[in-house]
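Asks: Below is one structure. I have some questions about it.
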Amino acid sequence: MQRRDFVKSTLGLAGAALTGKAMAGNESSQPRTVAKNQFKLLYAPHFGMFTNSAGKDVIDQLKFMADNGFQAIEDNGMMGRPVEEQEKIAKEMARLNMKMGVFVVDKGGNGQNTLAAGNKDYVDIFLNGCKRAVDVAKRVNTKVMTVVPGDFQRNLPIGIQTGHVIDALRRGADILAPHGLTMVLEPLSDTPNLFLRTSDQTYEICRAVNSPACKILFDVYHMQKNEGHVIPHIDWCWSEIGYFQIGDNPGRKEPTTGEINYKNIFKHCYEKAKADNKEFIWGMEHGNSQPGKEGEIALIKAYVESDNFTV
C-alpha cells in the first residue's frame, strides 16, 4: 500500500497495555504501529469492505482497518459466526484497541415475525434472540445490537400494532438491561411494508418502553430517504439515539458520493456529543462506489475528507 494515497496524520499509539485475556501471548504486548489517519469519530467498517486490500481473512481485515485509523467495526451477522471465530475476532479487537459496534439480533429477518401482530410465537422468537444475543455481546465485548420489529400487520389499527411492539420490546429490554446491553431500533426505508419507518415514530416507542436498554439506531441514509430534514430530526431524537449508521443517497455508498452533507452532520453530532459527554459509534453500513483496491482507497479518502471539519 502506498502511503501517498492517504492523508497522513498522526495517531497516538493504539497499543497501550491491555488487561485480562487480551494480554495473552506475546503479540498482544507488542506496540501498535502509528495509524495513517486520525479520525474524530468512531467510524466502524464491516467485514468485506476492504477485501481487495487486506484479503478475505477477518483478522487481516481488522488490522488493515486499524492501520488506517478506524477505531471500531460492526458486523450484522456476528450471531451466525461460530463461537471460536467470535472469540478470535474479539481477542484481535482488544489487541488493536478497537470497539465493537452492532450486530443484528436474530429474529428471522427484518420483515419476519413481526412484533406488531401481537403473536405469541413471534414474540417468543424475538425474546429467544435477545437471550442468545446476551452471550454473543459479552463474547465480542459490545453493548449495542440492532432490532427491527418487522412488517406492518395490515389488519390491525396502527395504535394496536404500536402497543404490541411496545409490549414486546419491554420484555426484550428486561432481558438485556441487567447486563448493561442496549437494543437499538432501526427505522428503515427498504420497503413500505416495514412497521418502523421514521425517527419520530421510533422516539415515541423508545419513550414508551422507558428503558436504557431500548434506543434508536439513526441510519442517516434511511432517514434522509424517509423523512429528510436530517439534523433537526437528530436534535429532536437526541436523547433516545444510541447509535448511528452511514450511507450516502442515492446509491448507499460512502460519504461524498451523493447528496448528503456528511461533513456538516459529523461536525454537528461531534460537537453535540462532546457537550453532552457522549460517544457514538458510526457504522459504515454502505457499499463502495468503485471496485477493487482503488475503490477502497477512495472510500478511505472520502472519510478523511468528511471528517476534516473544524471544531
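Residue numbers for the sequence shown follow the numbering used here, so the first one is 343 and each next one is one higher. By construction, the Cβ of each residue, glycine as well, lies at the ideal position given by its N, Cα and C atoms. This structure is a prediction, so every number in the text was calculated from the model and none was measured.
With K557 as the anchor, note down where its beta strand (DSSP E) starts and where it stops.
Replies: As a working note, residue 557 is residue 215 in the sequence shown. Where K557 is concerned, the enclosing beta strand (DSSP E) stretches over 556-561.
Asks: Between which two residues does the beta strand (DSSP E) holding A386 run?
Replies: Counting from 1 along the sequence shown, the entry for residue 386 is found at position 44. Run containing A386: 384-386, per the beta strand (DSSP E) assignment.
Asks: Rounded to whole angstroms, what is the Cα-Cα separation between E426 and M487?
Replies: Numbered from its first residue, the sequence shown carries residue 426 at position 84. Numbered from its first residue, the sequence shown carries residue 487 at position 145. Roughly 20 Å between the two C-alpha positions.
Asks: CA-CA distance, G471 and G460?
Replies: What you label residue 471 is simply residue 129 of the sequence shown in a count that begins at 1. What you label residue 460 is simply residue 118 of the sequence shown in a count that begins at 1. When rounded, the distance between both Cα atoms is 17 Å.
Asks: Below 8 Å between beta carbons: does that hold for G492 and G453?
Replies: Along the sequence shown, one-based indexing puts residue 492 at 150. Along the sequence shown, one-based indexing puts residue 453 at 111. Result yes, Cβ atoms of G492 and G453 sit closer than 8 Å.
Asks: Assuming G634 contacts N394 under a Cβ cut-off of 8 Å, what Cβ separation, rounded to an integer in Å, is found between them?
Replies: Stepping through the sequence shown from its first residue, residue 634 is reached at position 292. Stepping through the sequence shown from its first residue, residue 394 is reached at position 52. The pair is a contact, with the Cβ atoms about 5 Å apart (cut-off 8 Å).
Asks: Just mark P597 as buried or exposed, buried being the case when its beta carbon has 16 or more other beta carbons within 10 Å.
Replies: Within the sequence shown, residue 597 is the residue found at index 255, counting from 1. Burial call: buried.
Asks: Between the Cα of N535 and those of F560, F494, V551, A550, spot the shortest distance and give me the residue it belongs to.
Replies: For this step, residue 535 is matched to residue 193 along the sequence shown. Comparing Cα positions, the closest option is F494.
Asks: Give me the Cα-Cα distance between G584 and I500, rounded to the nearest whole angstrom.
Replies: As a working mapping, residue 584 is identified with position 242 in the sequence shown. As a working mapping, residue 500 is identified with position 158 in the sequence shown. In a straight line, the C-alpha of G584 is about 25 Å away from that of I500.
Asks: Quick check: the region 541-553 against the region 525-532, are at least 3 beta-carbon pairs closer than 8 Å?
Replies: The region 525-532, when compared against the region 541-553, does touch it at the 8 Å Cβ threshold.
Asks: Assuming V526 is part of the beta strand (DSSP E), what are its boundary residues?
Replies: As a first step, residue 526 is located in the sequence shown; it is residue number 184 there, counting from the start. Counting along the chain, the beta strand (DSSP E) containing V526 begins and ends at 524-527.
Asks: Taking A377 as the reference, give the member of G397, F389, Q413, K398 with the closest Cα.
Replies: By one-based count along the sequence shown, residue 377 stands at place 35. The shortest Cα separation from A377 among G397, F389, Q413, K398 belongs to Q413.
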